[in-house]
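Novice:
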Amino acid sequence: MGSAGAPVIEVAGPTKRYTGVVAVDDVSLSVRRGEIYALLGLNGAGKTTLIRMLLGMIAPTAGTVPPEPPSWPPSSPSPPSGRCCWPCCSPGWAC
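Using this note's numbering, you'd call the opening residue of the sequence shown number 3 and step up by one each time.
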């Protein structure tokens, strides 16, 4: 999209391993303000695991994720209407 500015979310190769399973393997992602991304994949592809790492719910086995989960701008007490949220992390937000 060509957005300028520093990334608001940036991950460098996070990997998550469970006993006998690699759930997420070396993902790199950089999202700037105004960009829109979608995570697509089959069941078990690691989409939820990646989101949980981004939100700080679980730690990666290797690689880096932001030290703090991304947040809505402080001037916005709730997500804009029509957008979904992560219900287990945001009590009271209607999805």
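Where is the CB? At the ideal position from N, CA and C, for every residue including glycine.
Owing to the predicted nature of the structure, the values given are computational and were not obtained by experimental measurement.
1) Bridge partners for residue 11 per DSSP, in chain order?
2) Reducing DSSP to helix, strand and coil, say where residue 17 ends up.
3) Do three or more CB pairs link the region 37-45 to the region 12-26 at distances below 8 Å?
4) Could you tell me the distance, in whole angstroms, from the CA atom of residue 54 to the CA atom of residue 60?
5) The beta strand (DSSP E) spanning residue 66 covers which residue range?
Specialist: Let me lay it out:
1) 33
2) strand
3) no
4) 6 Å
5) 64-66
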